[in-house]
RNA sequence: GCCCGAGUGGCGGAAUGGCAGACGCGGCGGACUCAAAAUCCGCUGGGGGCAACCUCGUGUGGGUUCGAAUCCCACCUCGGGCACCA
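Residue numbers (this note's numbering): 4 to 833.
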């Protein structure tokens, strides 16, 4: 009570009180028995944060608030909502930061986690703190290592010598997904190529399935689109071009068995129909056949070119705007369609990591090939024309349009579309090619030559070879290594700990060595949702029965930045576990919704701009309820919005007025007054439907409108008018709602009440009279109240009688009347 | 270059074939106050008119329709993603 006898809204007091109550009552916590017995399980998942030293970012808060509102709403509907949170604390972010400030990650991370936990508790999400995960905890990464073994035993984890993306600044290998435009996604340093022996997960085996399921999973469309592009399916053909007899240097290894694939160049093409126009070949400089094809005269030049290409970093190597440059190898192969010998070149515009690393160049119908052919004076043949009569016309640029084949032997005159299949079939009959589907997706390199991650559970023995660590010896604990800084060697810092590194072989007992690489952070996060319900179990990664009850995840809300990395990997891992018989579903998330990006005053938030919103400051000043409500009000959740400091005032005023209405004023008894009742039902409907569709901004606007109507003209509100609003606002402002619920006389807290969400009567949600719009020739001339359900004739005569309407019709003949029931009359006259 | 999304008052944004600008911020005027803050009430897209009203207006140009912010075509701008992908 203040001096004037008023009880003003004091958010901090209210929020501290209810957070204490929730903790004491365990309102949001599940016991094992509750998890096993839940009748209406709803798994509400949000993307667990990486606990940075800076603390919770407003972007995290935005994401979590939107997800928490959805979960709280489901709970108020009476579902058993499991809403866990955790920490994705392994990885290069953490390690780099630890290096920068000179604190060991084993000290730094628990500190950050503690700080995050404090912040997460303060903003009022209904997290189940009994079921948190921390990826750096041995009780978690034991199962990350177990997961690796599952893939290993399935033949899906393989070690390959491979050219990899090497970040010279982070001194580690990056997955293709972590390379943005040829540069490290983290530090923006140009990435170089290196060849290292790495562990790969064969995600490409699952490419088609990952693509196919996109057609039925309930996800945000843009996210599906991003995955589709990333998987990058193209249909075409593999075509084999035999090396030309007598025009290729003889095999230098006398007596060596000549491999079949050493005698031909295979290419992948999406345009097999243009094969008659393939007038030369281009190989990637690294292509294994270059050596064999190169003639003595060309050798010096070819080798110089290959050295030059190898030294080039991937940024310049993959730049589209580079001049096409290459060199002739001196070798030839045979175009299997024409039988002609065609020269073989090498050029850096052909990439070894896509298709077969070789292309058939069709300069007449491919812009890059045209540019290359023009530059080096190579023949350009037209094999497609819009009309057959154009067969003889020369090409001034590559023609990539549709048409019919020309200059293509028996296939001339065939339309492009059907000739693709016909030529592929013709080649296949002669063993010169076959239909082929190619994917842009690459295998997932999970090796990291770093310290801060789960050690890959593999042991190398001179006698037994590669030996997986037996399951009962997991976890392979990450040792404390004082100097964990990576170096230029490309060997993980773990190799420095001799006592850890040397280990007896699990199979024969002889002295053996551990794998010293750790796994990619994305592996940690690829399965964490499976762990949540089974947290505490140290005998299994996830309990089968509990998993059956709770998974797949019912609703997953997160940022679009994880569209291709995390979401694709977790789908892949789920499919693998299903194929191993460990799960009964192959898509981990029943529904996924992306949220938008939050900007500040029209600009991207960044430390360098100095416009980063620190949630703590706002929560301290306005309270968590206002902050949450504002974040959801400032724009459409799935599209993001613009955070403006002034904007907090609106939601604060709304919550304060709601407080005043319940706490300050006298509430009258009796059913809602007629004028308010219709609005009440309409509001319940709108808020319910808007939350379901994550349209939080308009849900809040509807509640504001309703409160304005309840308070209209300083009238005395009725309890039955206000109490439903207290529940509607509860997902957004849970503390305030609890307090008002209690002040309305309830003994049981709102969130412990079974299914308190109000229902609406659809008949009462609509008014008896509707405002008709009367148009004359499409222009609004009057607005008139009419009875709901009025007939066309009734509306028409009422409209014609209206003064302004009559005035606009003066002297004109009515030609037509458009009638939209309960909405509009449009009189067309002239 | 290709793909996706967006362009609406001073500002954030509503409206997805039928009243453009809901809701909120800011602004202006008023009440309360010695005063200010807070709070409450009213007004608030441009132009014209005393007014009733009229007129213009959703990036630009065209189209479909009785009627277009909304659908179609072309273009411009911004944001995001992909990119010598054969």
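Glycine included, each C-beta is placed from N, C-alpha and C at the ideal position.
Residue 592 beta carbon less than 7 Å from that of residue 633
Your numbering for residue 633 matches position 630 in the first chain. Your numbering for residue 592 matches position 589 in the first chain. Cβ atoms of residue 633 and residue 592: not closer than 7 Å.
Ordered along the chain, which non-local residues of its own chain (more than five positions away) have a Cβ less than 6 Å from that of residue 1?
A query on residue 1 cannot be resolved here, the shown segment of the chain reaching from 4 to 833 and no further.
Exposed or buried, residue 441, counting other C-beta atoms within 10 Å across all chains shown (16 or more means buried)?
As a working mapping, residue 441 is identified with position 438 in the first chain. Flag for residue 441 reads buried.
Distance check for residue 64 and residue 705, CA to CA, integer angstroms please.
Along the first chain, one-based indexing puts residue 705 at 702. Along the first chain, one-based indexing puts residue 64 at 61. Taking the straight line from one Cα to the other gives about 23 Å.
Taking just the CA atoms, how far does residue 122 sit from residue 105?
Start at 1 with the first residue of the first chain, and residue 105 comes out as number 102. Start at 1 with the first residue of the first chain, and residue 122 comes out as number 119. Rounded to whole angstroms, residue 105 to residue 122 spans 25 Å at the Cα level.
Anyone know if the C-beta pair for residue 682 and residue 712 falls short of 7 Å?
Counted from its first residue, the first chain places residue 682 at position 679. Counted from its first residue, the first chain places residue 712 at position 709. Yes. Within cutoff.
Considering only C-alpha positions, which residue in the set 225, 409, 95, 511 is nearest to residue 172?
Taking the first residue of the first chain as 1, we reach residue 172 at position 169. Of the listed residues, the one whose Cα sits closest to residue 172 is 95.
Buried or exposed by the 16-neighbour rule on C-beta atoms within 10 Å, applied to residue 368
Along the first chain, read from residue 1 onward, the residue named residue 368 stands at position 365. Label assigned to residue 368: buried.
Option nearest residue 3 by Cα separation, candidates 551, 88, 92, 553:
Because residue 3 is not part of the residues shown, which for the chain are 4 to 833, the question remains open.
Using DSSP with H/G/I as helix, E/B as strand and the rest coil, what is residue 578?
Position 575 of the first chain, counting from 1, holds the residue named residue 578. Three-state DSSP puts residue 578 in a helix.
Going by the beta-carbon positions, is the gap between residue 785 and residue 820 smaller than 7 Å?
Your numbering for residue 785 matches position 782 in the first chain. Your numbering for residue 820 matches position 817 in the first chain. No, the pair does not count as a contact, with Cβ atoms beyond the cut-off.
Using DSSP's beta-bridge definition, name the partner residues of residue 272.
Here residue 272 is taken as the residue at index 269 of the first chain, counted from 1. Its beta-bridge partners are 240.
Taking residue 431 as the reference, which of 720, 758, 339, 505 has the closest Cα?
Taking the first residue of the first chain as 1, we reach residue 431 at position 428. Per the Cα distances, 339.
Does the structure place the region 69-88 close enough to the region 131-151 that three or more beta carbon pairs sit under 8 Å?
yes
Pairwise C-alpha distance: residue 402 and residue 298
Against the first chain, residue 298 aligns to sequence position 295. Against the first chain, residue 402 aligns to sequence position 399. One C-alpha to the other measures close to 33 Å.
Euclidean distance between Cα positions of residue 118 and residue 664
Taking the first chain and counting its residues from 1, the one referred to as residue 118 is at position 115. Taking the first chain and counting its residues from 1, the one referred to as residue 664 is at position 661. Rounded to the nearest angstrom, the two C-alpha atoms are 37 Å apart.
Between the Cα of residue 3 and those of 48, 43, 59, spot the shortest distance and give me the residue it belongs to.
In this structure the chain extends from 4 to 833, so residue 3 is not present and cannot be described.
On a Cα-Cα basis, can you pick out the residue from 231, 461, 327, 192 that is closest to residue 210?
Taking the first residue of the first chain as position 1, residue 210 is located at position 207. Out of 231, 461, 327, 192, 231 has the C-alpha closest to the C-alpha of residue 210.
Counted within 10 angstroms of its Cβ, other Cβ atoms place residue 495 as buried (16 or more) or exposed:
For the purposes of this step, residue 495 is identified with residue 492 of the first chain, where counting begins at 1. Looking at its Cβ environment, which holds 16 or more other Cβ atoms inside 10 Å, residue 495 is buried.
Could you give the distance in angstroms between the alpha-carbon of residue 168 and the alpha-carbon of residue 198?
Locating residue 168 in the first chain gives position 165, where the first residue counts as 1. Locating residue 198 in the first chain gives position 195, where the first residue counts as 1. Approximately 9 Å between the Cα atoms of the pair.
DSSP puts residue 834 in a beta bridge; with which residues?
The chain is shown only over 4 to 833; residue 834 falls outside these bounds and no answer can be derived.
Over the uninterrupted beta strand (DSSP E) stretch that includes residue 592, give me the two end residues.
Working through the first chain from its first residue, we reach residue 592 at position 589. Residue 592 -> no beta strand (DSSP E), and no H or E assigned at all.
Which stretch, first to last residue, makes up the beta strand (DSSP E) that contains residue 507?
Stepping through the first chain from its first residue, residue 507 is reached at position 504. Counting along the chain, the beta strand (DSSP E) containing residue 507 begins and ends at 505-507.
Touch test, the region 459-477 against the region 210-220, Cβ-Cβ under 8 Å, three pairs minimum:
no
Can you give me the Cβ contacts of residue 66 inside the same chain, cut-off strictly under 8 Å, excluding the 5 residues immediately before and after it?
Mapped onto the first chain, residue 66 falls at position 63. Contacts found: 49, 50, 560, 561, 562, 598.
Three Cβ pairs or more, each shorter than 8 Å: is that satisfied between the region 634-649 and the region 710-724?
no
For residue 566, count neighbouring C-beta atoms within 10 Å of its own C-beta (all shown protein chains included) and say buried if the count is 16 or more, exposed if not.
The residue labelled residue 566 in the question sits at position 563 within the first chain. With 16 or more Cβ atoms within 10 Å of its Cβ, residue 566 is classed as buried.
Which partner residues of residue 603 appear in the DSSP bridge assignment?
Position 600 of the first chain, counted from the first residue, corresponds to residue 603. Looking at the DSSP assignment, residue 603 forms a beta bridge with 606, 646.
Evaluate residue 156 with the Cβ neighbour count: other Cβ atoms within 10 Å of its Cβ, from every protein chain shown; 16 or more gives buried, anything less gives exposed.
To locate residue 156, count along the first chain from 1; it is residue 153. Classification of residue 156: exposed, given that the 10 Å Cβ count is below 16.
Comparing alpha-carbon positions, which option in 54, 555, 806 lies nearest residue 100?
Taking the first chain and counting its residues from 1, the one referred to as residue 100 is at position 97. Nearest option by C-alpha distance: 54.
Per DSSP, residue 175 forms a beta bridge with which residues?
Within the first chain, numbered from 1, the residue matching residue 175 stands at position 172. Beta-bridge pairing links residue 175 to 170.
If you pair each beta-carbon of the region 282-291 with each one of the region 362-380, do three or more pairs fall below 8 Å?
yes
Residue 90 - partner residues in DSSP beta bridges:
Position 87 of the first chain, counted from the start, is the residue given in the question as residue 90. According to DSSP, residue 90 bridges with 137.
Residue 673 to residue 720, Cα distance in whole Å?
Residue 673 sits at position 670 when you count from the first residue of the first chain. Residue 720 sits at position 717 when you count from the first residue of the first chain. The straight-line gap from Cα to Cα measures roughly 10 Å.
Considering only the alpha carbon of each residue, which of 269, 113, 635, 274 lies closest to residue 70?
Locating residue 70 in the first chain gives position 67, counting from the first residue. It is 635 whose Cα lies nearest to the Cα of residue 70.
Nearest-angstrom beta carbon gap, residue 768 and residue 684 [assumed within contact, 8 Å]:
Residue mapping note: residue 684 aligns to position 681 of the first chain, counting from 1. Residue mapping note: residue 768 aligns to position 765 of the first chain, counting from 1. Confirmed, about 4 Å.
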